[in-house]
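**Student:**
2 protein chains.
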Amino acid sequence: MSQRFILDPAVENDFPNFVTHLECSYTGEILPANQLHGLSPAGKPILVRYDLKALSNAVTKEELAKRPGGFWRYREFLPVRETKNIVSLGEVMTPLIPLRKLAGKGGELIVKDEGRLPTGSFKARGLALAVAMAKELGITRLAMPTNGNAGAAMAAYATHAGIETTIFCPDDTPEVNVSEIEYQGGKVYRVNGLINDCGKIVGEGKEPTGWFDCSTLKEPYRIEGKKTMGLELAEQLGWEVPDVIFYPTGGGTGLIGMWKAFEELEAIGWIGSKRPKMIAVQSTGCAPIVKAYEEGAEHAPLWENAFTHASGIRVPIAVGDFLILRAVRESGGFAIAVTDEAIDNAQAEAARVEGVLLCPEGAATYAAYKQSLVDGRIKSTDRAVLYNCATGLKYPMPPIARMLDKNQPIDYSKI
Amino acid sequence: MSQRFILDPAVENDFPNFVTHLECSYTGEILPANQLHGLSPAGKPILVRYDLKALSNAVTKEELAKRPGGFWRYREFLPVRETKNIVSLGEVMTPLIPLRKLAGKGGELIVKDEGRLPTGSFKARGLALAVAMAKELGITRLAMPTNGNAGAAMAAYATHAGIETTIFCPDDTPEVNVSEIEYQGGKVYRVNGLINDCGKIVGEGKEPTGWFDCSTLKEPYRIEGKKTMGLELAEQLGWEVPDVIFYPTGGGTGLIGMWKAFEELEAIGWIGSKRPKMIAVQSTGCAPIVKAYEEGAEHAPLWENAFTHASGIRVPIAVGDFLILRAVRESGGFAIAVTDEAIDNAQAEAARVEGVLLCPEGAATYAAYKQSLVDGRIKSTDRAVLYNCATGLKYPMPPIARMLDKNQPIDYSKI
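Chains A and B, in that order, are what the protein sequence lines are. Using our numbering, read the first sequence as starting at 782 and increasing by one per residue. Using our numbering, read the second sequence as starting at 782 and increasing by one per residue.
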């Protein structure tokens, strides 16, 4: 069979690589590839650029279709040069699940369930790439702040690759995330603060410890991993984009990455100029991007006293704020905030009506979909995609107390 | 593109169906298809039989290779007649993850990670089929005993299909399982007993309530769903079987199902006569199959005072005992018991060394692999497959207490 289902770096052929250079996302300054980079000299995220013409001659949609699922199938679109540096924990093409009972009249509502990736979240995409590139560039110690899922993904991939990790998370991070980081070989600290406080500890520790800082958008490659969300979605929809994408927005890497994916796909002629409306979803308790969007601002300052139990989107300040806002505006989309109550209700409704368990951040996108239909900002006939960024199983659900005594006669009329 | 990634029963063409009849697995008595069946008149599990010659003329390996991942790709091998009865929650082809650091010298150790299926366990396979067939046969109320994951899968698929479910589980079933059943639209009761006590409640309630009993092997279709584990594994390995399969054995449906898959694949000429050694893995606290295997018995009586924290294999008596034992013996395999301590150690080792989080039952298979290498019952050069039957995220991990105070100076030399 031509399909290989075990990704074996030891026997895999090297793929051609099309990276030409890196580039500051703010100033456009050109930076050399094959070197360590954090933020650009201007203190902004760095983007990877490819020779897209050569890339388009090297791979076809038909060839891609024959490859096993999982984001490593997009090798030509990714920066890893040597196949031996690929790190794989069994990636899958995350499924599209239509919610037919909950869709707007005449439209389509589709969940892209990122919870099926290794470690149960979309963070696997970015961190697999960051870890593979760390391996390629000879890095042996990584550090990162996390709200939970990113830390788990980094620990698992780094452990698999033989790289050491140190991770800092807010003290109220869900227990399962803290435990899985450590259990999977990372070293984890709880901090009495939010993710930006944790980020500060990583930043200040870089020099004394020799850590490489893997924070969101502070190295160039997590965004390339998240880009595969856009490549994969377009492929799954037959190289078309949907009308709207609802994306739970913390650091925003995925939204920025998908936007980059669509740009690259259009450049090689695989999709047309149509773009989905990119909708950044936040919580009313932490909505810096929504505020900046509504004020017409380019940047989103620190949101004071951030709170929401959807911890993945509790990100008071994002280094890629201008990139998120740019993609949202260029796409004709918008930024929208939903309450924690709306998140809870949306989560319960999707589970009880469709049997689909969303994580709180994924539920936020469904809440935003409903709100946007009411607002009239999207049409009921739209084909809308919701990103469920993690498995709902990591989060507490309402406990059940109903008991039966096997030693007593059972009144079945009451069951 | 020819690949469709959204399984849409409404627009999908019907596939040809090759079911000829059903058959008692013990007496061989022939039973009609397209009717409701529980156990056979002899009180034994019922198997579905196909016109394999016609089937082999209707589909090729090459055609299969073009279909989207997920077990519905094996439609010709499955009993559902009308496509509109298919129930899908986004099935994926579960990945094979090589554990290169833990494999025996010169051999291969591969985890098949069933935790990526809807509701996070391999139970999705059997229950998707049971629910689809219930829909096809006009059943509106299902009931089942569960140790957790089967109940979650049944609730999710039945809710998606608009079917009512009532589920009974031991009172110490993990909280996440109990909650997710109810959250996903099932009605769940805790019972002060084990899964066989719960099964009794279902059995006695059938008449007064009108429930259809979906217990393991007490209806004919869950085994057809589990059969896809064998079809999928063979396809992933290029239509070859591995040398050994370690399978965590409670009710044993998957082991029986895979054995049936290999038989059907050989009958249509897709694989040869080679079979993997089928190894039934149990816990030393609940090992009825191991005891019967060692005693040369055909059946495995109730195991008294069963205990193990790997609750999925805490099954004191299995209605398919003789089918499990038959497959194990015919394959040249064996049944093996591991201690809870060995399970814990195996789980921690896989996580810390490979970054792969196994569930306790999956960890039992890795413990059994190690024990079998020491015993000499398998060879270090074997290609061995471990079934990780559920996501490890559903189970508690050791908690972490390490704290940092953001308001104090940090001594990075101690981090």
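Just so it is clear, CB atoms sit at the ideal spot from N, CA and C, and this is done for glycine as well.
Run through DSSP, which three-state label would A:E1000 get?
**Tutor:** Numbered from 1 along the first sequence, position 219 holds the residue referred to as residue 1000 of chain A. Reduced to three states, the DSSP call for A:E1000 is coil.
**Student:** Which bits of chain B does A:V873 rub up against, with CB to CB less than 8 Å?
**Tutor:** The residue given as residue 873 of chain A occupies position 92 in the first sequence. By Cβ distance, chain B contributes G850, V873, M874, T875, P876 and R897.
**Student:** Classify B:H941 as buried or exposed, calling it buried when 16 or more other Cβ atoms lie within 10 Å of its own Cβ.
**Tutor:** By 1-based counting over the second sequence, the position of residue 941 of chain B is 160. The residue is buried, with at least 16 neighbouring Cβ atoms inside 10 Å.
**Student:** Does chain A have any CB closer than 9 Å to the CB of B:D1186?
**Tutor:** Translated into positions along the second sequence, residue 1186 of chain B becomes position 405. At least one chain A Cβ lies under 9 Å of B:D1186.
**Student:** Take A:N977 as the anchor and find which of A:V959, A:C950 and A:V1137 has the nearest alpha-carbon.
**Tutor:** The residue given as residue 977 of chain A occupies position 196 in the first sequence. Comparing Cα positions, the closest option is A:C950.
**Student:** Mapping the DSSP letters down to three states, classify B:L870 as helix, strand or coil.
**Tutor:** Within the second sequence, the letter at position 89 stands for residue 870 of chain B. Note: B:L870 maps to coil in three-state DSSP.
**Student:** How long is the line joining the alpha carbons of A:S837 and A:E1021, rounded to whole angstroms?
**Tutor:** Along the first sequence, read from residue 1 onward, the residue named residue 837 of chain A stands at position 56. Along the first sequence, read from residue 1 onward, the residue named residue 1021 of chain A stands at position 240. One C-alpha to the other measures close to 17 Å.
**Student:** Considering just the uninterrupted stretch of the alpha helix (DSSP H) at B:A1182, what are its terminal residues?
**Tutor:** Counted from its first residue, the second sequence places residue 1182 of chain B at position 401. From DSSP, B:A1182 is part of no alpha helix (DSSP H); its letter is neither H nor E.
**Student:** Just the Cα atoms here: how many angstroms apart are B:A905 and B:A1061?
**Tutor:** If you number the second sequence from 1, residue 905 of chain B lands on position 124. If you number the second sequence from 1, residue 1061 of chain B lands on position 280. C-alpha separation (whole angstroms): 21 Å.
**Student:** My output table needs one value for A:C1067: the three-state DSSP class, helix, strand or coil.
**Tutor:** Counted from its first residue, the first sequence places residue 1067 of chain A at position 286. Correct three-state label for A:C1067: strand.
**Student:** Identify whether B:K842 lies in helix, strand or coil by the three-state DSSP scheme.
**Tutor:** To locate residue 842 of chain B, count along the second sequence from 1; it is residue 61. B:K842 falls in the helix class under three-state DSSP.
**Student:** Between A:K916, A:K1195, A:Q1063 and A:C979, which has its C-alpha nearest A:I1124's C-alpha?
**Tutor:** Within the first sequence, residue 1124 of chain A is the residue found at index 343, counting from 1. With distances taken between Cα atoms, A:I1124 lies closest to A:Q1063.
**Student:** So which residues of chain A does B:R971 contact, with C-beta pairs closer than 9 Å?
**Tutor:** One-based indexing of the second sequence puts residue 971 of chain B at position 190. What B:R971 touches in chain A: I1181, A1182, R1183, M1184 and L1185.
**Student:** DSSP state of A:I976, grouped into three classes?
**Tutor:** By one-based count along the first sequence, residue 976 of chain A stands at place 195. Note: A:I976 maps to helix in three-state DSSP.
**Student:** Using the rule of at least 16 other Cβ atoms within 10 Å of the residue's Cβ for burial, across every protein chain shown, is A:P1242 buried or exposed?
**Tutor:** Residue 1242 of chain A lies beyond the residue range present for chain A, which begins at 782 and ends at 1196; the question has no answer from this structure.
**Student:** Expressed to the nearest angstrom, what Euclidean distance is found between the alpha-carbon atoms of A:S783 and A:K847?
**Tutor:** For the purposes of this step, residue 783 of chain A is identified with residue 2 of the first sequence, where counting begins at 1. For the purposes of this step, residue 847 of chain A is identified with residue 66 of the first sequence, where counting begins at 1. Confidence at A:S783 is low in this model, with a pLDDT of 34, below 50, so its placement is unreliable and the value that follows should be read with caution. Going from the Cα of A:S783 to the Cα of A:K847 covers about 8 Å.
**Student:** Flag this pair as touching only if the stretch 822-838 of chain A and the stretch 996-1012 of chain A have three or more C-beta atom pairs under 8 Å; answer yes or no.
**Tutor:** Verdict: yes, contact present.
**Student:** Taking any Cβ of chain B, which residues in the stretch 1138-1165 of chain A have a Cβ under 7 Å from it, in chain order?
**Tutor:** Flagged, chain order: L1138.
**Student:** For the stretch 991-1002 of chain A, list every residue whose C-beta sits within 8 Å of some C-beta in chain B, in sequence order.
**Tutor:** Here the close residues number zero.
**Student:** Just how far apart, CA to CA, sit B:C805 and B:K825?
**Tutor:** By one-based count along the second sequence, residue 805 of chain B stands at place 24. By one-based count along the second sequence, residue 825 of chain B stands at place 44. Between B:C805 and B:K825, the C-alpha separation is close to 7 Å.
**Student:** Between A:N866 and chain B, is the shortest Cβ-Cβ distance under 9 Å, so that the two count as touching?
**Tutor:** In the first sequence, the residue the question calls residue 866 of chain A occupies position 85. So no, A:N866 is outside the interface.
**Student:** Which whole-angstrom value describes the C-beta separation of A:L923 and A:A913, a residue pair presumed to lie in contact below a C-beta threshold of 8 Å?
**Tutor:** On the first sequence, position 142 is the one that residue 923 of chain A refers to. On the first sequence, position 132 is the one that residue 913 of chain A refers to. In fact, because the Cβ distance is near 12 Å, the residues do not count as touching under 8 Å.
**Student:** Could you tell me if B:A1182 is buried or exposed, where buried requires 16 or more neighbouring beta carbons within 10 angstroms of its beta carbon?
**Tutor:** For the purposes of this step, residue 1182 of chain B is taken as residue 401 along the second sequence, with counting starting at 1. B:A1182 should be labelled exposed.
**Student:** In whole angstroms, give me the CA-to-CA distance for B:Y855 and B:L1012.
**Tutor:** Start at 1 with the first residue of the second sequence, and residue 855 of chain B comes out as number 74. Start at 1 with the first residue of the second sequence, and residue 1012 of chain B comes out as number 231. When rounded, the distance between both Cα atoms is 8 Å.
**Student:** Just curious, the alpha helix (DSSP H) that A:T808 is in, first and last residue?
**Tutor:** Stepping through the first sequence from its first residue, residue 808 of chain A is reached at position 27. From DSSP, A:T808 is part of no alpha helix (DSSP H); its letter is neither H nor E.
**Student:** Could you check if A:Q816 is buried or exposed, using at least 16 other CB atoms within 10 Å of its CB as the buried criterion?
**Tutor:** One-based indexing of the first sequence puts residue 816 of chain A at position 35. Exposed.
**Student:** Which residues bound the alpha helix (DSSP H) around B:V861?
**Tutor:** For this step, residue 861 of chain B is matched to residue 80 along the second sequence. Premise fails: B:V861 is in no alpha helix (DSSP H) and is neither H nor E.
**Student:** Quick check: the Cα distance between B:K893 and B:E843, rounded to an integer number of angstroms?
**Tutor:** Position 112 of the second sequence holds residue 893 of chain B. Position 62 of the second sequence holds residue 843 of chain B. Cα to Cα, B:K893 sits roughly 23 Å from B:E843.
**Student:** Give me the Cα-Cα distance between A:Q1152 and A:C1170, rounded to the nearest whole angstrom.
**Tutor:** Counted from its first residue, the first sequence places residue 1152 of chain A at position 371. Counted from its first residue, the first sequence places residue 1170 of chain A at position 389. Their Cα atoms are separated by approximately 20 Å.
**Student:** Report buried or exposed for A:A835, applying the criterion of at least 16 other Cβ atoms within 10 angstroms of its Cβ.
**Tutor:** For the purposes of this step, residue 835 of chain A is taken as residue 54 along the first sequence, with counting starting at 1. Burial call: exposed.
**Student:** State the Cα-Cα distance for the pair B:V1254 and B:C1067, rounded to the nearest angstrom.
**Tutor:** A query on residue 1254 of chain B cannot be resolved here, the shown segment of chain B reaching from 782 to 1196 and no further.
**Student:** Scan the stretch 1088-1109 of chain B for residues whose Cβ lies nearer than 9 Å to a Cβ of chain A and list them as they occur along the chain.
**Tutor:** Taking 9 Å as the Cβ-Cβ cut-off against chain A, none of the residues of the stretch 1088-1109 of chain B qualify.
**Student:** Name, going along the chain, the residues of the stretch 1110-1138 of chain B whose beta-carbon falls closer than 9 Å to a beta-carbon of chain A.
**Tutor:** Listed by position, the residues of the stretch 1110-1138 of chain B near chain A (Cβ gap below 9 Å) are Q1128, A1129, A1132, R1133, V1134, E1135, G1136, V1137 and L1138.
**Student:** Quick check on B:M782 - is its C-beta less than 9 Å from some C-beta in chain A?
**Tutor:** The residue given as residue 782 of chain B occupies position 1 in the second sequence. Caution applies to B:M782, whose pLDDT of 30 falls short of 50 and renders its modelled position unreliable; the model cannot decide the point.
**Student:** Should B:Q1189 be labelled buried (16 or more other beta-carbon atoms within 10 Å of its own) or exposed?
**Tutor:** In the second sequence, the residue the question calls residue 1189 of chain B occupies position 408. Exposed.
**Student:** At 3 residues or longer, what runs of the beta strand (DSSP E) sit wholly inside the stretch 1051-1117 of chain B?
**Tutor:** Here the runs fully enclosed are 1058-1064.
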